[in-house]
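Okay, so here's the structure we're looking at.
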Amino acid sequence: MDPESEGPAVITVTPLQQMFASCTGAILTSLMVTPFDVVKIRLQAQNNPFPKAMYWYNYEVLKKWLCAKSGLYEPTFMINFTSGALSGSFAAVVTLPFDVVKTQKQTQLWIYESQKISMPLQMSTWTIMKNIVAKNGFSGLFTGLIPRLIKIAPACAVMISTYEFGKSFFQKQNAQRRRY
1 MDPESEGPAV ITVTPLQQMF ASCTGAILTS LMVTPFDVVK IRLQAQNNPF
51 PKAMYWYNYE VLKKWLCAKS GLYEPTFMIN FTSGALSGSF AAVVTLPFDV
101 VKTQKQTQLW IYESQKISMP LQMSTWTIMK NIVAKNGFSG LFTGLIPRLI
151 KIAPACAVMI STYEFGKSFF QKQNAQRRRY
């Protein structure tokens, strides 16, 4: 047989090896992602609750509206899922310009700290926004919108629909226990 006509050798992997590779990947991902999550959580703890309040308000409004449009008294899984995705997307779009500014501030801080340069005068959020618009146009305030929506819409949809499903499940369980 001609060596060039042969395909690449097929290497089989046992389920145990697959499990080991998967666990190793998960551990390495956790080791790399967790420090960033800690920083993100600490920064979020300093912020105001406006985005969360906006998310929950819009979620409730959308859920009621979709129930009314569907002629339903109680929301279905898909209504919860859709309301979560849409409200999360809306909150993401509205708050993105402020996250862009926050990223600019963090980047400036990192540059000054890494190069041991004394800190410049603190610029206000509005000044940084004006600079972004002057340099990149209004769309510069929405840099990264598509990746943000790709991440946030499904995350909010899954989170809220899982929450609502769990809440409904446990309400039914508690109601059954009271009967007996």
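Heads up: the sequence shown runs through residues 1 to 180, numbered per full-length UniProt numbering.
The beta carbon of each residue, even a glycine, is placed where N, CA and C say it ideally should be.
- With fewer than 16 other CB atoms across the displayed protein chains lying within 10 angstroms of its CB, Glu60 is exposed.
- Around Leu72, the same chain offers no residue with a beta carbon nearer than 6 Å, after the five sequence neighbours per side are excluded.
- Around the beta carbon of Ala91, 16 or more other beta carbons lie within 10 angstroms, which makes this residue buried.
- Under the Cβ criterion (8 Å, minimum of three pairs), the stretch 124-140 does not count as touching the stretch 50-57.
- Taking 8 Å as the cut-off, the beta carbon of Ser161 is found closer than this to the beta carbon of Phe81.
- Cβ neighbours of Ala157 within its own chain (closer than 6 Å, five residues either side excluded): Phe81, Gly84, Ala85.
- Going by C-alpha positions, Pro147 is about 28 Å away from Trp65.
- In the three-state scheme derived from DSSP, where H, G and I count as helix and E and B as strand, Tyr73 is classed as coil.
- Distances from the alpha-carbon of Gln106 to those of Ile128, Ser87, Gly88 put Ile128 closest.
- CA-to-CA, the gap between Val100 and Glu113 works out to about 20 Å.
- Judged by DSSP secondary structure, Ser161 falls within the alpha helix (DSSP H) whose first and last residues are 145-179.
- The alpha-carbon of Gln104 is positioned some 15 Å away from that of Ala134.
- Going by beta carbons, Ile152 and Ser87 fall outside the 8 Å limit.
- DSSP places Lys135 in the uninterrupted alpha helix (DSSP H) bounded by 125-136.
- Around the Cβ of Pro15, a 10 Å sphere holds fewer than 16 other Cβ atoms; the residue is exposed.
- The shortest CA-to-CA distance from Glu164 to any of Ile132, Trp56, Gln176 is the one to Trp56.
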